[in-house]
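Note that the protein sequences, when read in sequence, are chains A and B. Just so we're aligned, residue 491 is where the first sequence starts under our numbering, counting upward by one. Just so we're aligned, residue 491 is where the second sequence starts under our numbering, counting upward by one. Working notes, structure below.
Protein chains: 2
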Amino acid sequence: MLPIRVWPLPRRPGAGHAGLRRLFSAQSKAIVYETYGRPLDVLKIHSFPLPDLGPADILVKFLASPINPADINQVEGVYPLKPRFRTTEISSATPLALAGNEGVVEIVDVGPQSRLHHAFNPGDRAIMRHTLFGTWRSFAVAAAQDLTRLPFTTAQISSVQAATASVNPTTALNMLTDFVDLQPGDWFIQTGANSGVGRAAIQIAALRGINSINVVRDRDDIDNLKQDLSSLGATHVVTDKEIADKGFRATIKSWVATAGGKQIKLGLSCTGGDSTTNIARQLSAGGHLVSYGGMARKPVTVPVSLLIFKDIHLHGYWLSRWSDAHPDEKETVVNQIFDWINQGKLKHVPVNTWSWTDDLSDDERLQVFKHAVKTYIDGAHGVKQVLVQT
Amino acid sequence: MLPIRVWPLPRRPGAGHAGLRRLFSAQSKAIVYETYGRPLDVLKIHSFPLPDLGPADILVKFLASPINPADINQVEGVYPLKPRFRTTEISSATPLALAGNEGVVEIVDVGPQSRLHHAFNPGDRAIMRHTLFGTWRSFAVAAAQDLTRLPFTTAQISSVQAATASVNPTTALNMLTDFVDLQPGDWFIQTGANSGVGRAAIQIAALRGINSINVVRDRDDIDNLKQDLSSLGATHVVTDKEIADKGFRATIKSWVATAGGKQIKLGLSCTGGDSTTNIARQLSAGGHLVSYGGMARKPVTVPVSLLIFKDIHLHGYWLSRWSDAHPDEKETVVNQIFDWINQGKLKHVPVNTWSWTDDLSDDERLQVFKHAVKTYIDGAHGVKQVLVQT
């Protein structure tokens with residue numbers, strides 16, 4: 491295949507554009523699917539020529555694209571946001587959906603009209619402004635309204651960090667602020683504390699003086715995990731087995747009493763099933779439980795008495811609904827997250843990166859990506875799989 | 491036993507008081523329990539002399555006292571509001587709890603101090619201002635702060651109507667207003683539509699132009715019940731079996747579309763279990779489900795996707811929490827209910843009355859009451875059991 495030079499590129503007006511049009515008559519490589527199904531069965535790689543760059547177009551290279559649970563559910567056909575199956579733009583006789591929703595891109599070239607507005611310049615980095623763009627690919631032609639400029643250098647925030655920050659810490663920050671007015675000394679409790687959202691929630695809460703009780707699945711190296719989460723600022727880390735024990739309630743009560751007696755006002759759940767019921771039971775009267783995931787593939791069940799007599803409220807949180815409806819607010823929140831990362835206040839989640847390099851064949855690219863998906867499916871919870879191009 | 495004359499009584503200041511003190515040196519009869527347990531096992535009758543009327547005291551006769559689910563749960567020991575087990579006031583060596591929380595009384599006599607304030611006069615009727623008074627009894631000595639005057643004649647609102655109105659229609663009215671701003675043309679859906687709360691909700695909603703989908707348990711005389719609830723203003727009545735069928739969703743959608751396409755913004759559940767899950771599924775995006783009872787003795791279960799992607803919110807409603815915290819607001823709401831009843835806009839729930847007459851022995855009074863309880867327990871849902879004295 492043709493070697494694709496992407497950076498540095500000539501930045502003089504005019505020259506770059508003409509030069510790039512020629513360079514990028516090369517192929518784009520994208521992870522696609524023709525029908526919904528198990529990702530390892532239905533995901534394919536599709537090569538297609540990049541279209542000519544129109545006056546308002548922006549040519550981008552994907553630097554880092556994470557695999558999020560929503561992406562997988564989307565491929566499975568069980569996610570409410572459905573992709574568009576398309577043909578012409580991607581030169582395919584069969585309608586194909588482009589997979590992946592989040593990613594960090596580098597601006598490679600901009601059409602003359604976009605160039606005039608100076609919103610994006612070659613070398614800038616950007617994140618997706620909306621879902622459904624199809625981010626598991628090498629290059630794409632985007633429009634200005636598809637992108638949010640990333641005002642940090644790679645030295646400040648790596649592309650891998652940026653690619654994951656727009657989803658998990660944003661979800662965590664919004665859930666910690668949208669449902670309950672948590673004050674310093676207050677508590678929240680969460681399942682799946684080891685997840686990307688869970689780790690972000692621990693740190694964001696700690697930044698604000700909010701205590702956390704963090705439930706994780708029991709495992710052989712539980713002490714390491716407890717230490718790991720404690721180092722992020724977790725007040726307490728408990729296993730799902732511990733919290734399932736009725737007697738453990740007294741332990742939690744004594745923790746809260748010892749720390750000033752403020753209330754457990756919020757619960758965050760990415761599981762469903764028993765773990766979720768068990769954290770609902772720990773909430774103080776009038777508390778709110780927010781469900782943002784269903785990793786246990788079981789519904790949320792709460793005793794009627796918790797709702798009626800303890801005045802517990804249940805909600806769901808879906809980042810995509812909010813971010814697609816409020817792209818400007820999203821930009822503000824994401825910039826807050828990036829500021830924290832840049833200041834070292836928010837640590838990165840553990841990441842596996844999977845590289846697409848220029849020397850790989852299409853089939854090799856697909857195999858690299860399927861390995862990433864398999865690692866996700868096999869349950870590397872807490873470790874984010876990210877496709878990168880260098 | 492002594493025959494107790496209660497009305498008419500001399501109303502001249504002074505004379506009545508002295509006369510009553512003498513008359514009511516007779517016994518009060520109260521349904522009590524020594525330990526929590528199954529109501530038919532633990533409920534007993536206790537006779538004790540009425541205490542002398544102090545200057546601020548008010549002597550009351552119970553005219554009508556309903557059996558509500560909360561009363562039964564309280565006797566079973568599974569209700570969060572616990573009665574006080576007492577000895578001296580009721581002349582018992584063993585600590586006993588007085589059962590029953592709601593009732594309508596007639597003022598028989600007032601002590602000289604209360605008489606001065608003219609808040610209550612002999613012949614007035616009143617309802618309980620707080621829970622836990624112990625209303626399943628013949629006579630009691632109360633204080634002004636225990637009572638809310640009932641500003642209607644018996645011709646306007648019977649005591650049986652008044653005794654049930656302060657609980658069920660109040661619950662219905664508050665649930666229809668506290669969680670969602672329902673506008674004319676909007677919809678709500680409910681389980682246990684045949685209950686006291688359910689019937690009140692149908693009528694109050696209809697008064698405001700709000701549509702209702704009413705779920706009842708399937709039964710032999712289902713057509714009669716459907717007709718009954720329709721006559722109250724129910725827009726549609728469906729069985730739990732019908733709504734459990736996935737295909738029925740299309741029927742409900744067409745009902746809503748035909749009626750102007752407004753949304754099903756609110757669900758009310760007194761059951762738990764599958765019925766509750768099934769009405770949650772019918773709610774429009776962003777809808778609220780309120781649980782106020784657990785007749786099915788099963789928890790509330792909702793798919794994670796309903797919370798996250800459909801933005802459904804779950805709450806509980808407990809009238810006693812509200813009414814004990816806001817007695818003045820309760821008075822306003824109850825008076826609104828009484829106005830509707832008086833205007834014929836709110837029909838009474840079906841009632842079985844169980845009479846305590848002067849000629850009954852203590853054991854006979856207990857048997858009458860246990861029959862009422864047994865009728866309740868055997869499942870006369872939608873028919874309220876009320877203890878009356880004439």
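For glycine and all other residues, C-beta sits at the position ideal for the given N, C-alpha and C.
Which of helix, strand or coil DSSP assigns to I742 of chain A: Counting from one through the first sequence, the residue named residue 742 of chain A turns up at place 252. The answer is helix: DSSP assigns I742 of chain A an H, G or I state.
Residue-chain proximity (L758 of chain B, chain A), Cβ-Cβ < 7 Å: Residue numbering aside, residue 758 of chain B sits at position 268 when the second sequence is read from its first letter. No, L758 of chain B does not count as interfacial toward chain A.
Per-residue contacts from P570 of chain A into chain B (C-beta, under 7 Å): Here residue 570 of chain A refers to the residue found at position 80 when the first sequence is read from its first residue. The answer, in chain order, is F799.
Closer than 7 Å to chain B by CB, T643 of chain A: Taking the first residue of the first sequence as 1, we reach residue 643 of chain A at position 153. It does not: the Cβ of T643 of chain A has no partner Cβ on chain B nearer than 7 Å.
Where Q651 of chain B falls, given that 16 or more other Cβ within 10 Å makes a residue buried: Here the question's residue 651 of chain B lines up with position 161 in the second sequence. Buried, since its Cβ has 16 or more Cβ neighbours within 10 Å.
Selected residue, minimal CA-CA separation from S781 of chain A, among B:K788, B:L804 and B:I733: The residue given as residue 781 of chain A occupies position 291 in the first sequence. Among B:K788, B:L804 and B:I733, the Cα nearest to that of S781 of chain A belongs to B:L804.
Where L804 of chain B meets chain A, residues with beta-carbon distance less than 9 Å: Residue 804 of chain B sits at position 314 when you count from the first residue of the second sequence. Chain A residues near L804 of chain B: L779, V790, V792, L797, I802, H803, L804 and H805.
Euclidean distance between Cα positions of M618 of chain B and N591 of chain B: Within the second sequence, residue 618 of chain B is the residue found at index 128, counting from 1. Within the second sequence, residue 591 of chain B is the residue found at index 101, counting from 1. Their backbone Cα atoms lie some 8 Å apart in a straight line.
Any C-beta of chain B under 7 Å from that of W808 of chain A: The count along the first sequence starts at 1 and reaches residue 808 of chain A at position 318. For W808 of chain A, the answer is yes, since a Cβ of chain B falls inside 7 Å of its Cβ.
CB contact flag (L571 of chain B, T621 of chain B, <7 Å): Taking the second sequence and counting its residues from 1, the one referred to as residue 571 of chain B is at position 81. Taking the second sequence and counting its residues from 1, the one referred to as residue 621 of chain B is at position 131. Cβ distance < 7 Å, so L571 of chain B and T621 of chain B count as in contact.
DSSP bridge partner residues for T822 of chain A (one or two, in chain order): Counting from one through the first sequence, the residue named residue 822 of chain A turns up at place 332. Paired residues: none, contrary to the question.
Chain-order list of residues whose beta-carbon lies under 7 Å from that of T767 of chain B (same chain, five-residue window excluded): Here residue 767 of chain B refers to the residue found at position 277 of the second sequence. So the list reads T791 and V792, once near-sequence residues are dropped.
C-alpha distance - L758 of chain B paired with T654 of chain A, whole-angstrom precision: Your numbering for residue 758 of chain B matches position 268 in the second sequence. Your numbering for residue 654 of chain A matches position 164 in the first sequence. Spanning the alpha carbons of L758 of chain B and T654 of chain A requires a straight line of approximately 40 Å.
Validate contact between the stretch 658 to 671 of chain B and the stretch 702 to 712 of chain B using beta carbons, cut 8 Å, 3 pairs: no
Inter-residue spacing [alpha-carbon to alpha-carbon] between F575 of chain B and S537 of chain B: On the second sequence, residue 575 of chain B is found 85 positions in, with the first residue counted as 1. On the second sequence, residue 537 of chain B is found 47 positions in, with the first residue counted as 1. About 16 Å.
Cβ-Cβ distance between F629 of chain B and L540 of chain B below 7 Å: On the second sequence, residue 629 of chain B is found 139 positions in, with the first residue counted as 1. On the second sequence, residue 540 of chain B is found 50 positions in, with the first residue counted as 1. Going by C-beta atoms, F629 of chain B is nearer than 7 Å to L540 of chain B.
Buried/exposed call for S851 of chain A, threshold 16 Cβ in 10 Å: Along the first sequence, one-based indexing puts residue 851 of chain A at 361. So S851 of chain A ends up on the exposed side.
G567 of chain B: contacting residues in chain A (beta-carbon distance under 7 Å): Against the second sequence, residue 567 of chain B aligns to sequence position 77. Within chain A, no residue has its beta carbon less than 7 Å from that of G567 of chain B; the closest one is some 13 Å off.
Simplified DSSP state of A888 of chain A, which is helix, strand or coil: There is no way to answer for residue 888 of chain A, as the model of chain A reaches only from 491 to 880.
Per-residue contacts from G686 of chain B into chain A (C-beta, under 8 Å): As a working note, residue 686 of chain B is residue 196 in the second sequence. Going along chain A, no residue has its Cβ under 8 Å from G686 of chain B, so there is no contact; the nearest lies around 16 Å.
Chain B contact for G763 of chain A (CB, 7 Å cutoff): Reading the first sequence from its first residue, position 273 is the one you call residue 763 of chain A. G763 of chain A does not count as touching chain B.
Alpha helix (DSSP H) segment containing S813 of chain A, residue limits: Here the question's residue 813 of chain A lines up with position 323 in the first sequence. That run of the alpha helix (DSSP H) goes L809 to A815.
At least three beta-carbon pairs within less than 8 Å, the stretch 833 to 842 of chain A to the stretch 692 to 699 of chain A: yes
is_contact[G834 of chain A, chain B] using C-beta, thresh 7 Å: The residue labelled residue 834 of chain A in the question sits at position 344 within the first sequence. For G834 of chain A, the answer is no, since every Cβ of chain B falls outside 7 Å of its Cβ.
Check whether I679 of chain B and I754 of chain B have beta carbons under 7 Å apart: As a first step, residue 679 of chain B must be located in the second sequence, where it is residue number 189. As a first step, residue 754 of chain B must be located in the second sequence, where it is residue number 264. Judged by their CB atoms, I679 of chain B and I754 of chain B are nearer to each other than the 7 Å cut-off.
Cβ of Q875 of chain A within 7 Å of any chain B Cβ: The residue given as residue 875 of chain A occupies position 385 in the first sequence. So no, Q875 of chain A is outside the interface.
For Q635 of chain A and R855 of chain A, the rounded distance between their alpha carbons: Within the first sequence, numbered from 1, the residue matching residue 855 of chain A stands at position 365. Within the first sequence, numbered from 1, the residue matching residue 635 of chain A stands at position 145. Rounded to the nearest angstrom, the two C-alpha atoms are 29 Å apart.
Backbone CA spacing between T729 of chain B and D735 of chain B [nearest angstrom]: Locating residue 729 of chain B in the second sequence gives position 239, counting from the first residue. Locating residue 735 of chain B in the second sequence gives position 245, counting from the first residue. Cα to Cα, T729 of chain B sits roughly 10 Å from D735 of chain B.
Cβ pair count under 8 Å reaching 3, the stretch 854 to 868 of chain B against the stretch 825 to 834 of chain B: no
Buried versus exposed, by CB contacts within 10 Å (16 or more), K519 of chain B: Counting from 1 along the second sequence, the entry for residue 519 of chain B is found at position 29. It counts as buried.
Exposed unless 16 or more other CB atoms sit within 10 angstroms - verdict on T880 of chain A: Sequence index remark: in the first sequence, residue 880 of chain A carries index 390 (1-based). Under this definition T880 of chain A is an exposed residue.
Euclidean distance between Cα positions of I798 of chain A and H778 of chain B: Here residue 798 of chain A is taken as the residue at index 308 of the first sequence, counted from 1. Here residue 778 of chain B is taken as the residue at index 288 of the second sequence, counted from 1. Answer to the nearest angstrom: the Cα atoms are 14 Å apart.
Supposed close pair I597 of chain A, F828 of chain A - CB separation, criterion 8 Å: Translated into the one-based positions of the first sequence, residue 597 of chain A becomes position 107. Translated into the one-based positions of the first sequence, residue 828 of chain A becomes position 338. About 18 Å separates the two Cβ atoms, so there is no contact after all.
Same chain only: Cβ atoms within 6 Å of Q875 of chain A, ignoring 5 sequence neighbours per side: As a first step, residue 875 of chain A must be located in the first sequence, where it is residue number 385. Excluding sequence neighbours, Q875 of chain A sits near I557, N842, A862, T865 and Y866.
Residue from B:P817, B:L722 and B:G593 with nearest C-alpha to R615 of chain B: As a position in the second sequence, residue 615 of chain B is number 125, starting the count at 1. Of the candidates B:P817, B:L722 and B:G593, the one whose C-alpha sits nearest the C-alpha of R615 of chain B is B:G593.
Q673 of chain A versus P573 of chain B - alpha carbon distance: For this step, residue 673 of chain A is matched to residue 183 along the first sequence. For this step, residue 573 of chain B is matched to residue 83 along the second sequence. When rounded, the distance between both Cα atoms is 35 Å.
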